């Protein structure tokens, strides 16, 4: 593991350990690493706009929400981060960080090769081990 990846892991570990720590920008490589490259075996939830994975960070676990590519405009994504950073309550899952990764990739479109921006947007939350809220609500009602 290189120095940058180790530093990113340490930052996330510090945020997890300190409940007063502010969420931070996290590199895509870290979130890929702790979810085993978004492995199907670590998928813990799925919806119309995102897939949620369990991330394993040493002896701690986090939830990584990977948004679908067309889900949010940049302004909406920024506002979502702002809202998540402000939501601090004992009954709200703690927001740990976010990732807004952009890469230019050569892609095929109408049988032509074009250079396209590929955005990956993710949120990282504290992991709650009892499953998703929708399953909890449906079993208690």
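In our numbering, the protein residues as written are 600 to 740.
In this text, a Cβ means the ideal position worked out from N, Cα and C, and glycines have one as well.
Just so you know, these numbers come straight off a predicted model, no measurement behind them.
How is the beta strand (DSSP E) around residue 713 delimited, first residue to last?
-> The count along the chain shown starts at 1 and reaches residue 713 at position 114. Where residue 713 is concerned, the enclosing beta strand (DSSP E) stretches over 711-725.
Along the chain, where does the alpha helix (DSSP H) that runs through residue 610 open and close?
-> Within the chain shown, numbered from 1, the residue matching residue 610 stands at position 11. Where residue 610 is concerned, the enclosing alpha helix (DSSP H) stretches over 602-616.
Which term fits residue 646, buried or exposed, when burial requires 16 or more other beta carbons within 10 angstroms of its beta carbon?
-> If you number the chain shown from 1, residue 646 lands on position 47. Flag for residue 646 reads exposed.
Pair within 8 Å by beta-carbon distance, residue 604 and residue 628 = Against the chain shown, residue 604 aligns to sequence position 5. Against the chain shown, residue 628 aligns to sequence position 29. A distance below 8 Å separates the beta carbons of residue 604 and residue 628.
Rounded straight-line distance, which links the Cα of residue 688 to that of residue 618 | In the chain shown, residue 618 corresponds to position 19, counting from 1. In the chain shown, residue 688 corresponds to position 89, counting from 1. When rounded, the distance between both Cα atoms is 11 Å.
Residue range of the alpha helix (DSSP H) that residue 632 falls in?
-> For the purposes of this step, residue 632 is taken as the residue at position 33 of the chain shown. Taken as a continuous stretch (DSSP letters only), the alpha helix (DSSP H) holding residue 632 covers 627-633.
Assigned secondary structure, residue 700 (DSSP; H/G/I helix, E/B strand, else coil) | As a working mapping, residue 700 is identified with position 101 in the chain shown. Residue 700 sits in a strand when the DSSP states are folded into three classes.
Within the 8 Å Cβ cut-off, does residue 633 reach chain C?
-> Protein chain content of the structure displayed is limited to a single chain, and chain C is not contained in it.
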